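Enquirer: Take the numbering used here: the final residue in the sequence shown is number 344, and no numbers are missing along the way. C-beta: ideal position from N, C-alpha, C; glycine also. Being a predicted model, the structure only gives us computed values, none of them experimental. Here it is: the structure, laid out below.
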Amino acid sequence: MTRAEHVKALLAEYAEQRAQDEREQQQRLEDAVARQPEIGRLRQENADLVLGTMRRMLGEPDLARRKALAEETKARGREINARIRALLAEAGMAGDALELRYRCPVCKDTGYVGEAPARFCECFEMRLRLRQHEDGSMAGVDEQSFERFDANVAPEADGQRDRLVKARNLCQRYADAFPDTEYRNLLLTGEGGLGKTFLLNCIFGRVTGRGFSAVRVTAFRMFEAMRRQHVGNDENYDGFSALIEVPLLLIDDLGTEPMMRNITLEYLFTLLNERIAAKRHTVIATNLTPPQLKERYGERVASRLLDRSICAPVQFKGKDLRSL
Ligand SMILES: [Zn+2]
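Quick look at the structure:
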């Protein structure tokens, strides 16, 4: 299946989920009324009240009286709701039992977030990736395992193959020993196309395959999580704290994320610092050299990235394997 076909099928699933949310809400309402018949009467009263007020307001030319009418209706509405909640509590039901409950409160099970142009919610992206993994149409990540790692793709010249084998062995030991690793963090450095992302994915696959929880992000997605956290207009969003808390975090392509004032440096420092303080494991791949890391992120962040007491550096050098 193509990505577009997966998106279409998944959107249909989300529509079914919303219908399901509504059926469950209706079921809870019926249960509540069966246990507390007064709830049915109160809901009817509320509906009549709202409709009656609308009619009366339409026929009322005086603005002050219209306002008073609206206030009166609101106050009575609050009384009714409080009474309904009390009846629900008496029946042992939750206070929000009569409201719609969503599997994902962020997108309310629509799969979309934000104003036009809306984008897919994270829950949707995650399910999409799962679907693509399941039918094998997601090339890359799944196939990049230590079993499939072949150092012979690297030329022997200048010791490139030997270095790649060493890097592979180090990463594999790390993934097999996790969380009791020799060094808590790995920093894979070197130019593009030398196998860093491949080994990062191998570590991710091995560690999650052993049943541990890990998150693998590109630096760009990490930055997105920082930005959303910083803007703070979505109280349900906890993507950034998830990055702080996951036992193993793998960041690919550090250095390609946007450098935005008050966000990139501050949040990256917080992320690294919190993870170090909590003794959590972090693996980072970057095309930047240590001096370039210092220049881009400053001493404070760089000292955490390059701290040799907790971090093993793995250097990649040689010819771009993609061009061979
Ligand atoms: Zn969602």
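Could you compute how far the alpha carbon of Arg-38 sits from the alpha carbon of Gly-259?
Expert: Distance between the alpha carbons of Arg-38 and Gly-259 is about 24 Å.
Enquirer: Contact defined as beta carbons within less than 8 Å: I believe Leu-214 pairs with Ile-304. What is the distance between those atoms, to the nearest angstrom?
Expert: Contact doesn't hold; Cβ gap of about 15 Å is too wide.
Enquirer: Quick one: residues in its chain with C-beta nearer than 7 Å to the C-beta of Thr-238, no 5 flanking neighbours on either side, listed in chain order?
Expert: Result list for Thr-238: Asp-272 and Asp-273, in chain order.
Enquirer: Give the secondary structure of Gln-335 by DSSP, where H, G and I count as helix, E and B as strand, and everything else as coil.
Expert: Reduced to three states, the DSSP call for Gln-335 is strand.
Enquirer: Candidates Leu-219, Gln-164, Ala-24 and Leu-49: which alpha carbon is nearest Arg-193's?
Expert: Nearest of Leu-219, Gln-164, Ala-24 and Leu-49 to Arg-193, Cα basis: Leu-219.
Enquirer: Is it the case that the Cβ atoms of Leu-341 and Val-321 are separated by a distance below 8 Å?
Expert: No, the Cβ-Cβ distance between Leu-341 and Val-321 is not below 8 Å.
Enquirer: Applying the 10 Å Cβ sphere with the 16-neighbour rule, what's the burial state of Ala-159?
Expert: Residue placement at Ala-159 is poorly supported in this model, since its pLDDT is 49, which falls under 50; the coordinates are not used for a value here.
Enquirer: Does the structure place the stretch 62 to 74 close enough to the stretch 89 to 100 that three or more beta carbon pairs sit under 8 Å?
Expert: Judged by Cβ distances under 8 Å, the stretch 89 to 100 makes contact with the stretch 62 to 74, as three or more pairs qualify.
Enquirer: Does the Cβ of Val-27 lie closer than 7 Å to at least one heavy atom of ligand 1?
Expert: Answer for Val-27: no, Cβ out of range of ligand 1.
Enquirer: Can you list the residues near ligand 1, meaning Cβ strictly closer than 5 Å to any non-hydrogen atom, in the order they appear in the chain?
Expert: The set, ordered by position in the chain, is Cys-124, Val-126, Cys-127, Cys-141 and Cys-143.
Enquirer: What's the C-alpha gap between Met-246 and Tyr-203?
Expert: If you take the alpha carbons of Met-246 and Tyr-203, they lie about 27 Å apart.
Enquirer: Where Gly-252 and Gln-40 are concerned, what is the direct C-alpha to C-alpha distance, given to the nearest angstrom?
Expert: Each residue's Cα considered, the two are about 30 Å apart.
Enquirer: Does DSSP put Phe-144 in a helix, a strand or coil?
Expert: Here Phe-144 sits in helix by DSSP.
Enquirer: For Ile-330, count neighbouring C-beta atoms within 10 Å of its own C-beta (all shown protein chains included) and say buried if the count is 16 or more, exposed if not.
Expert: Exposed is the call here.
Enquirer: Name the residue from Ile-296, Gln-152, Ala-332 and Gly-134 whose alpha carbon lies nearest to the alpha carbon of Ala-24.
Expert: Taking only the C-alpha atoms, the option nearest Ala-24 is Gln-152.
Enquirer: What does a CB cutoff of less than 7 Å around Ala-174 pick up in its chain, not counting 5 residues either side in sequence?
Expert: Closer than 7 Å at the Cβ level, and outside the excluded window around Ala-174, lie Gln-180, Arg-181, Leu-184, Gly-338 and Leu-341.
Enquirer: Would you kindly work out how many angstroms separate the C-alpha atoms of Gln-47 and Arg-63, rounded to a whole number?
Expert: Distance between the alpha carbons of Gln-47 and Arg-63 is about 15 Å.
Enquirer: With a Cβ-Cβ cutoff of 8 Å, do Gln-335 and Gly-210 count as a contact?
Expert: Closer than 8 Å, so yes.
Enquirer: What is the residue span of the beta strand (DSSP E) that Arg-236 lies within?
Expert: 234 to 238 is the span of the beta strand (DSSP E), which, as asked, contains Arg-236.
Enquirer: Put Ile-271 into one of helix, strand or coil per three-state DSSP.
Expert: Of the three classes helix, strand and coil, the one that applies to Ile-271 here is strand, per DSSP.
Enquirer: Given that a residue counts as buried once 16 or more other Cβ atoms are within 10 Å of its Cβ, and exposed if not, what is Met-242?
Expert: Burial call: buried.
Enquirer: Could you give the DSSP three-state label for Arg-123: helix, strand or coil?
Expert: Residue state, collapsed to three classes: coil.
Enquirer: Bridge partners of Tyr-132, per DSSP?
Expert: Tyr-132 pairs with Phe-140.
Enquirer: Would you call Asp-200 buried or exposed, if buried means 16 or more other Cβ atoms sit within 10 Å of its Cβ?
Expert: It counts as exposed.
Enquirer: Using 10 angstroms around the beta-carbon of Glu-50, count the other beta-carbons present and answer buried if the total reaches 16, otherwise exposed.
Expert: Its Cβ having fewer than 16 others within 10 Å, Glu-50 is exposed.
Enquirer: Just to confirm before moving on: does the CB-CB distance between Val-27 and Leu-148 stay below 8 Å?
Expert: Result yes, Cβ atoms of Val-27 and Leu-148 sit closer than 8 Å.
Enquirer: Report the partner residues of Asn-205 according to the DSSP bridge assignment.
Expert: Thr-302 and Cys-331, per the DSSP bridge assignment.
Enquirer: What do you reckon, are the CB atoms on Asn-205 and Thr-302 nearer than 8 Å?
Expert: Yes, the pair counts as a contact, with Cβ atoms nearer than the cut-off.
Enquirer: So, are the CB atoms of Pro-125 and Asn-256 less than 8 Å apart?
Expert: Yes, they are a contact pair.
Enquirer: Please state whether the Cβ-Cβ distance between Arg-226 and Phe-140 is less than 8 Å.
Expert: No, the Cβ-Cβ distance between Arg-226 and Phe-140 is not below 8 Å.
Enquirer: Beta-carbon separation of Pro-267 and Ser-323 under 8 Å?
Expert: No, they are not a contact pair.
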